[in-house]
Amino acid sequence: MDGFGDSFVPLVEGSAPAAEVDPAAEFLAREQDQLAGLGDDILPATLGQDQSTVASGLGGEADLFGCAPVNGGPDLESFEMLGGDEVAQARSPIPHVVREDPEKIKIWREQQRIRLEQKDAAEEVSKIELKEKARKELEDWYKQHEEQVAKTRQANRSAEKELVADTAKMEPGTEWERITKLCNFNPKTSKSSRDISRMRSIILQVKQNPPIKA
Numbered sequence: 001m002d003g004f005g006d007s008f009v010p011l012v013e014g015s016a017p018a019a020e021v022d023p024a025a026e027f028l029a030r031e032q033d034q035l036a037g038l039g040d041d042i043l044p045a046t047l048g049q050d051q052s053t054v055a056s057g058l059g060g061e062a063d064l065f066g067c068a069p070v071n072g073g074p075d076l077e078s079f080e081m082l083g084g085d086e087v088a089q090a091r092s093p094i095p096h097v098v099r100e101d102p103e104k105i106k107i108w109r110e111q112q113r114i115r116l117e118q119k120d121a122a123e124e125v126s127k128i129e130l131k132e133k134a135r136k137e138l139e140d141w142y143k144q145h146e147e148q149v150a151k152t153r154q155a156n157r158s159a160e161k162e163l164v165a166d167t168a169k170m171e172p173g174t175e176w177e178r179i180t181k182l183c184n185f186n187p188k189t190s191k192s193s194r195d196i197s198r199m200r201s202i203i204l205q206v207k208q209n210p211p212i213k214a
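This is the structure in structure tokens:
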């Protein structure tokens with residue numbers, strides 16, 4: 001048995017057998033001790049950084065984005081500024097793109113503009129002609145009215161002179177003759193609805209045979 005490297009403790013009479021040692025448990029215990037020694041060297045440095053990071057994160061939402069880069073990480077300030085620019089650009093109004101009209105539409109608009117200008121010019125000429133025509137007609141009407149008034153005035157003056165002359169040379173027995181001159185014996189021109197034919201006949205008889213004064 002010594003050739004296999006196994007060493008056995010000889011049992012002594014009167015002594016209790018030694019407790020058996022588990023190799024697996026011994027290996028795990030040894031590894032845990034080594035890892036515990038390495039952890040004591042690393043944890044103090046990293047723990048301080050983690051605590052400061054957590055403390056700054058608990059301070060508010062702004063500290064989460066405003067903290068300095070850890071272990072050569074990205075700059076959160078530049079990230080925040082870049083994000084703000086993108087949000088501002090997203091909120092800015094979209095520029096209106098001016099669409100150019102086709103050539104046919106441009107030609108039609110130009111022709112329409114020329115046509116409207118021609119119509120406006122023709123309308124202005126027509127207005128001027130109508131005003132001139134109305135002015136001329138008004139002048140002609142005033143002229144005719146003045147001529148008619150002058151003729152009527154002249155006729156009235158002539159009739160007045162005749163009446164005055166007849167009245168001045170009044171002779172006995174000519175009264176009914178002057179009365180008949182004042183009466184209209186033309187039945188066509190009479191517009192009266194009453195029948196005055198009998199009165200006209202009586203006046204004519206009196207004119208022809210005036211009554212003799214007693």
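In this text, residue positions in the sequence shown follow full-length UniProt numbering: the first is 1, and each later residue adds one. By construction, the Cβ of each residue, glycine as well, lies at the ideal position given by its N, Cα and C atoms. Small disclaimer: the values here were computed from a predicted structure and weren't measured.
Residue i - containing alpha helix (DSSP H), residue span
i: valine 206; result: 197 to 208
Simplified DSSP assignment, three categories, for residue i
i: histidine 96; result: coil
i: isoleucine 212; result: coil
i: threonine 180; result: helix
i: proline 102; result: coil
i: phenylalanine 167; result: The sequence shown places threonine at residue 167, rather than the phenylalanine named in the question. In the structure shown, threonine 167 sits in a helix (DSSP, three-state: H, G or I).
i: threonine 152; result: helix
i: aspartate 120; result: helix
i: aspartate 22; result: coil
Top-ranked residue by Cα proximity to residue i, from the options
i: tryptophan 176; options: Glu110, Ile212, Ala134 and Leu28; result: Ile212
i: asparagine 209; options: Arg99, Ala29, Lys104 and Thr174; result: Thr174
Is the stretch 138 to 151 touching the stretch 118 to 129, taking contact as three or more C-beta pairs under 8 Å?
-> In short, these stretches do not touch, since the Cβ pair count stays below three.
Inter-stretch contact at 8 Å, needing at least 3 Cβ pairs: the stretch 201 to 210 / the stretch 175 to 184 | Flag = yes, the stretch 201 to 210 and the stretch 175 to 184 touch.
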